[in-house]
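J.: If you use our numbering, the sequence shown corresponds to residues 653 to 839, in order.
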Amino acid sequence: MSQDSENQALEDDQWAHWALAAQKGDKRAYGELLHALSGYVRSYLAGSLANADWADDITQEVLLSVHKSLATYSADRPFRPWLISIIKFRRADFLRKHYNKRDHAKASLDHPDFLTSYVTNPQYSGEYKDVEKILASLPDDQRTVFQRLKLEGYTAQEVANEMGMSESAVKVSAHRTLKKIKDALGT
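(1) Who are the Cβ neighbours of residue 804 in its own chain at under 8 Å, not counting the five residues just before and after it?
(2) What's the call for residue 689, buried or exposed, on a 16-neighbour Cβ count within 10 Å?
(3) Can you give the Cα-Cα distance for residue 666 and residue 829, rounded to whole angstroms?
(4) If you count every other CB in all the chains shown that lies within 10 Å of the CB of residue 810, and 16 or more means buried, which is it?
(5) With a threshold of 7 Å on Cβ separation, who are the neighbours of residue 795 within its own chain once the five nearest residues in sequence on each side are excluded?
(6) Please go through the same chain and pick out, in chain order, the residues whose beta-carbon is closer than 7 Å to the beta-carbon of residue 813, but skip the five residues on each side of it.
(7) When you compare only the Cα positions, how much space is there between residue 718 and residue 741?
(8) Is DSSP giving residue 724 helix, strand or coil here?
(9) From this set, 702, 709, 808, which residue's C-alpha is nearest residue 827's C-alpha?
(10) Please state whether DSSP places residue 733 in a helix, a strand or coil.
(11) Hey, residue 722 and residue 799: beta-carbon distance below 9 Å or not?
(12) Quick one, are the C-beta atoms of residue 693 and residue 715 less than 9 Å apart?
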């Protein structure tokens with residue numbers, strides 16, 4: 653076993669110990685856990701975000717989620733995967749909210765400023781309308797899956813839960829829709 657994996661195992665054991673003690677009301681263990689996690693979460697996020705300030709914002713969201721869901725942690729499971737699932741969910745949630753706030757996400761495709769701002773070659777600007785027509789021709793469920801997964805940034809699991817489908821069915825549906833769009837555009 654390498655030194656790094658030994659250190660990680662010790663760290664996991666310590667986090668699990670603090671988490672279980674915190675579940676029993678140990679405030680000192682709870683404080684130690686949050687302090688240790690804040691540094692880990694921040695460094696975990698830092699390399700995957702375009703804006704360093706976002707790491708701090710998401711770290712706070714993760715720590716709140718850990719606080720709210722600490723009672724769900726079980727000693728039968730390793731702590732780090734439980735934590736990483738929270739980190740990934742909070743990061744996806746933050747990015748989805750951030751990008752949904754952007755003006756261009758809500759701009760009409762018929763608006764000329766939109767076309768000149770985001771299309772570098774006006775010869776192909778009609779493709780946006782073609783994509784809209786293709787999406788409009790799809791069954792409601794297939795269109796919703798594609799929009800949620802590919803345009804709005806939801807995870808396959810989130811879309812599956814919302815739509816009452818399996819995660820693999822969501823991925824297949826999105827893939828087929830993307831293929832229809834590519835075929836229709838001749839790409």
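Glycine is no exception: its CB is placed at the ideal position from the N, C-alpha and C atoms.
T.: If we stick to the structure as given:
(1) Counting from one through the sequence shown, the residue named residue 804 turns up at place 152. Within the same chain, and ignoring the five residues on either side of residue 804 in sequence, the residues whose Cβ sits closer than 8 Å to its Cβ are 748, 752.
(2) Numbered from 1 along the sequence shown, position 37 holds the residue referred to as residue 689. The residue in question, residue 689, is buried, as its Cβ has 16 or more Cβ neighbours within 10 Å.
(3) In the sequence shown, counting from the first residue as 1, residue 666 sits at position 14. In the sequence shown, counting from the first residue as 1, residue 829 sits at position 177. In a straight line, the C-alpha of residue 666 is about 46 Å away from that of residue 829.
(4) In the sequence shown, the residue the question calls residue 810 occupies position 158. By the neighbour-count rule (16 or more Cβ atoms within 10 Å), residue 810 is buried.
(5) For this step, residue 795 is matched to residue 143 along the sequence shown. Its chain contains 787 as the residues whose beta carbon lies nearer than 7 Å to that of residue 795, once the 5 sequence neighbours on both sides are disregarded; these appear in chain order.
(6) As a first step, residue 813 is located in the sequence shown; it is residue number 161 there, counting from the start. Result list for residue 813: empty, nothing under 7 Å.
(7) The residue given as residue 718 occupies position 66 in the sequence shown. The residue given as residue 741 occupies position 89 in the sequence shown. Each residue's Cα considered, the two are about 12 Å apart.
(8) Here residue 724 refers to the residue found at position 72 when the sequence shown is read from its first residue. Residue state, collapsed to three classes: helix.
(9) Taking the first residue of the sequence shown as 1, we reach residue 827 at position 175. If we check each option's Cα against that of residue 827, 808 comes out closest.
(10) Residue mapping note: residue 733 aligns to position 81 of the sequence shown, counting from 1. It is helical.
(11) Locating residue 722 in the sequence shown gives position 70, where the first residue counts as 1. Locating residue 799 in the sequence shown gives position 147, where the first residue counts as 1. Not closer than 9 Å, so no.
(12) On the sequence shown, position 41 is the one that residue 693 refers to. On the sequence shown, position 63 is the one that residue 715 refers to. A distance below 9 Å separates the beta carbons of residue 693 and residue 715.
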